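For reference, the structure is listed below as structure tokens.
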Amino acid sequence: MPRLAVLGHPVAHSRSPAMQNAALAALGMGEEWSYEAIDVAPEEFEARVRAMPAEGFAGANVTVPHKTAAFALADATSEGAARIGAANTLVFAEGQIQAHNTDAGGLIAALRSSPKGVHALVLGAGGAARAAVWALRTEGAIVDIWNRTSARAEAVHLEMSGIELEVQGAVVAEIDQSAYGLIVNTTAVGLHGEDPFAHLPLRRDGFGEQILVDMVYSDGPSTLSQAAAAAGAEVVDGLEVLVQQGALSLRIWTDREPPLDVMRAAARG
Ligand code: ATR
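All you need for the numbering used here is the position in the sequence shown, starting with 1, plus 8.
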């Protein structure tokens, strides 16, 4: 009876259990496998994770605020997790804890076209931004970074640079919104109803033929998404990124092809 879980704090509102259990059921694995939500405080995180293999867990997703801790305690890490310095997916196998980061691949999968050569703007400098910058630069995009606190943007830019990434892009303070083929909002702005146009360097009437990814999601389209869609931009919402990262995690644990439509429907509830 392999168990799976998402560890977070808080975690009650996570859509991952509904999404992953629906996927397991659709794959005919619902009798055997199960996926639950576990609320764990930061000070208990490491001990909780280390106890999981003996409790029958095959793996876990890790969400806010544990992604850095998850990476730090792993015995082995994927290249992406190592570069990003954070993990959202753990695998318990052969007495080891392996750490992966499917937030990066999830973002790329959520884009309907390759970002190669695209001039992209990432807003934010937290963990989600690090995953986005690494993923996009690895795929060959030119990635500028803006953050309210520019020193944090500088840090992300430097850490996500390197000869092997053939990095192009810069930290920007003022932006020409129409110059970007892709804009990714990884900031928390909009999560609690803030007006994104008051906090981010974007104009409501500044969108055009480009792609907007807004990681902020709730039950309806976000304010940013609505403005972008109204101007003819292609919008990718945070739920699609959630579905794609979940699908990549499920593939890592089960080696099965994830049923994306089932997962989308369950995530949207
Ligand atoms: P995560 O790891 O989830 O990506 P985080 O580290 O908490 O998140 O970062 C949240 C991001 O949202 C940061 O880029 C933060 O900007 P600062 O680095 O300046 O704090 C950004 N953010 C949060 N509230 C914001 C606001 N009102 N205006 C602009 N940016 C905001």
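Positions of the beta carbon are idealized from the N, C-alpha and C atoms, including for glycine.
Please read these numbers as outputs of a predicted model, since none were measured by experiment.
For N29, the Cβ stays outside the 7 Å cut-off from all heavy atoms of ligand 1.
Sixteen is the threshold: since fewer than 16 other Cβ atoms of the shown chains lie within 10 Å of the Cβ of P50, the residue is exposed. Close to ligand 1, as judged by a C-beta nearer than 7 Å to any of its heavy atoms, are the residues V72, G132, A133, G134, G135, A136, A137, N155, R156, T157, R160, T194, T195, A196, V197, E202, H207 and L208, in chain order. The bridge partners DSSP lists for F205 come to none. Assignment of alpha helix (DSSP H) within the stretch 146 to 222, counting only whole runs of 4 or more residues, yields 158 to 167 and 204 to 207 in chain order. Rounded to whole angstroms, the Cβ separation of A107 and A95 is 4 Å, and the two are in contact under 8 Å. For the pair of segments examined, the stretch 26 to 34 was found to touch the stretch 267 to 274: the number of CB pairs separated by less than 8 Å reaches three. If the five residues before and after S122 are omitted, its C-beta is found closer than 7 Å to the C-beta atoms of E147, all from its own chain and listed in chain order. Boundaries of the alpha helix (DSSP H) harbouring D111: T110 to A118, taken from the DSSP string. Counting every other CB atom within 10 Å of its CB across the protein chains shown gives R138 a total of 16 or more, marking it as buried.
One Cα belongs to R91, the other to A187, and the distance between them is close to 28 Å.
The beta strand (DSSP E) runs of length 3 or more contained entirely in the stretch 46 to 109 are, from start to end of the chain, 65 to 70, 97 to 101 and 104 to 108. With contacts defined as CB atoms closer than 8 Å, T194 and G125 fail to qualify as a contacting pair. Closest in alpha carbon position to L250, among I153, T71 and Y43, is T71. Checking the DSSP bridge columns, you'll see A13 partnered with E44 and A68. Spanning the alpha carbons of A117 and S86 requires a straight line of approximately 18 Å. Bounds of any beta strand (DSSP E) do not take in D269; it lies within the alpha helix (DSSP H) bounded by L268 to R276. If you look at E248, you'll find it isn't in any beta strand (DSSP E); it sits in the alpha helix (DSSP H) that goes G246 to T262. Under DSSP, A128 takes part in a beta bridge, and its partners are V151 and L190. Under the criterion of beta carbons closer than 8 Å, L81 and V99 do not qualify as touching, at roughly 13 Å.
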